[in-house]
Amino acid sequence: MELADDDFLNLCACVGNIIVPFSLFEASMNMAIEAIYSSMGGNKLEKEIPRAFERRLTYLRKCAVRIPELSPVKDELLANLDEIEKRAELRNHVAHGFISHFDPKSLTVTFTLLEAYSDKQKHTEKIHPYTAKELLDGGYAILKASGSMNLIAKRICEIGMGKE
18 MELADDDFLN
28 LCACVGNIIV
38 PFSLFEASMN
48 MAIEAIYSSM
58 GGNKLEKEIP
68 RAFERRLTYL
78 RKCAVRIPEL
88 SPVKDELLAN
98 LDEIEKRAEL
108 RNHVAHGFIS
118 HFDPKSLTVT
128 FTLLEAYSDK
138 QKHTEKIHPY
148 TAKELLDGGY
158 AILKASGSMN
168 LIAKRICEIG
178 MGKE
């Protein structure tokens, strides 16, 4: 598949608008987890700090509900986790898939992702077409969630240090 230079650059910008803010979200999420785990009793809820994305979401939800010190950020944290979870599939398709087709007329990009079945004995091909608008809207939603998570993580760190 060949792309015109302008199409390629625009596609790279769309992909970057998804990947970079999602990485920033994860960095803020990790800061919050560290503060909760080391300073707020989160180490009593899990034996070790979760690493996989889904496990980190689950851990933060559990902490928001079970750790009273998190009550000032509980609702905002839970809503933000729900929002980013909605966008995680898009991020995975873009980050781990490859561009298998581009339609310049409809501005639709198709990502193909090879995933292992649950028995891990063979791969299955998952094909995901996205319009440019879907990519841009998804990137914007991830950017907003990332900014919110950064502020929430800052507040959690302050709570953990006894400043809030």
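The numbering of the sequence shown is the numbering used here, which starts it at 18 and goes up by one.
C-beta atoms are modelled at their ideal positions from N, C-alpha and C, and glycine is treated no differently.
With a cut-off of 8 Å on the beta carbons, I'd call residue i and residue j a contact; round off their distance for me.
i, j, result
"Thr125", "Thr141", "Contact doesn't hold; Cβ gap of about 22 Å is too wide."
"Pro85", "Tyr76", "Their Cβ separation, rounded to whole angstroms, is 17 Å, which puts Pro85 and Tyr76 out of contact at 8 Å."
"Leu107", "Cys80", "No, Leu107 and Cys80 are not in contact; Cβ-Cβ is about 26 Å, not under 8 Å."
"His110", "Leu131", "At roughly 12 Å, the Cβ-Cβ gap does not stay under 8 Å, so His110 and Leu131 are not in contact."
Go ahead and pull the three-state DSSP assignment for residue i.
i, result
"Ile169", "helix"
"Glu100", "helix"
"Gly179", "coil"
"Ala52", "helix"
"Arg83", "helix"
"Leu20", "coil"
"Gly58", "coil"
"Arg68", "coil"
"Val37", "helix"
"Glu93", "helix"
"Glu43", "helix"
| message | With three or more C-beta pairs closer than 8 Å as the rule, is the stretch 33–46 touching the stretch 159–170? | response | yes
| said: Count Cβ pairs between the stretch 146–163 and the stretch 95–106 that sit closer than 8 Å; are there 3 or more? | reply: yes
| query | Do the stretch 30–41 and the stretch 54–68 make contact, defined as three or more Cβ pairs closer than 8 Å? | reply | no
| Which runs of the beta strand (DSSP E) fall wholly inside the stretch 106–162 and span at least 3 residues, in chain order? | Correct list: 115–120, 125–133 and 140–148.
| request: Would you check if there are 3 or more beta carbon pairs closer than 8 Å linking the stretch 79–93 to the stretch 115–129? | output: no
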